[in-house]
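Just so we're aligned: 95 in this note's numbering is position 95 of the sequence shown, and the numbers increase by one with no gaps anywhere. Note that beta-carbon positions come from the ideal geometry of N, C-alpha and C, so glycine has one too. Small disclaimer: the values here were computed from a predicted structure and weren't measured.
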Amino acid sequence: MRFSRYYSLTLLTSLLCINDAAIRQAVYVRGKLLCGSSPASRVRVKIFDEDAGVDPDDKIAEGLSNNKGEFDLGGSIAELTTVDPLVKIYHDCDDTTKPGQRKLVFRLPKHYVVGADHTKKYFDFGILNLETIFPGEQRSFIR
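Structure (structure tokens):
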């Protein structure tokens with residue numbers, strides 16, 4: 001019994017130390033979404049840290065584009081390794097008859113990941129027309 005408690009305490013202490021070693025990192029993105037020539041409003045934009053293997057991607061931030069099609073969001077997460085930032089955009093532009101939503105996934109350069117206490121460094125998408133059919137485009141049935 002004493003042996004088991006010792007290892008349980010050691011494991012708990014190790015996990016707490018690993019958690020303290022994690023570095024808080026932040027990612028910020030902004031841009032403007034169009035559907036043809038009209039602003040794409042209320043489009044869901046999410047930022048994730050891509051994780052390998054069976055570990056699901058960690059959501060960092062989520063928001064909707066405004067009535068002008070603009071989005072501006074960011075957030076931070078504590079990770080042991082450098083965040084691998086992904087931006088996922090879910091929309092229905094030029095897609096009214098199919099079930100689910102069109103899903104776009106963009107990998108961002110790692111130099112846009114900053115320490116959470118640093119000045120915001122935005123990845124600027126510029127203007128993105130969602131009528132475009134992107135290579136590797138997916139569908140999402142879950143919001």
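Comparing alpha-carbon positions, the option among Y112, I89 and S41 lying closest to Q101 turns out to be I89. In the pairwise beta carbon analysis, the region 20-31 is classified as touching the region 67-74: at least three pairs are separated by under 8 Å.
Under the DSSP assignment, I89 falls in the beta strand (DSSP E) whose first and last residues are P85 to H91. Around the Cβ of D49, a 10 Å sphere holds 16 or more other Cβ atoms; the residue is buried. In this structure I77 is buried. Its beta-carbon is surrounded by 16 or more other beta-carbon atoms within 10 angstroms. Secondary structure note for F106: its beta strand (DSSP E) is the uninterrupted segment Q101 to R107.
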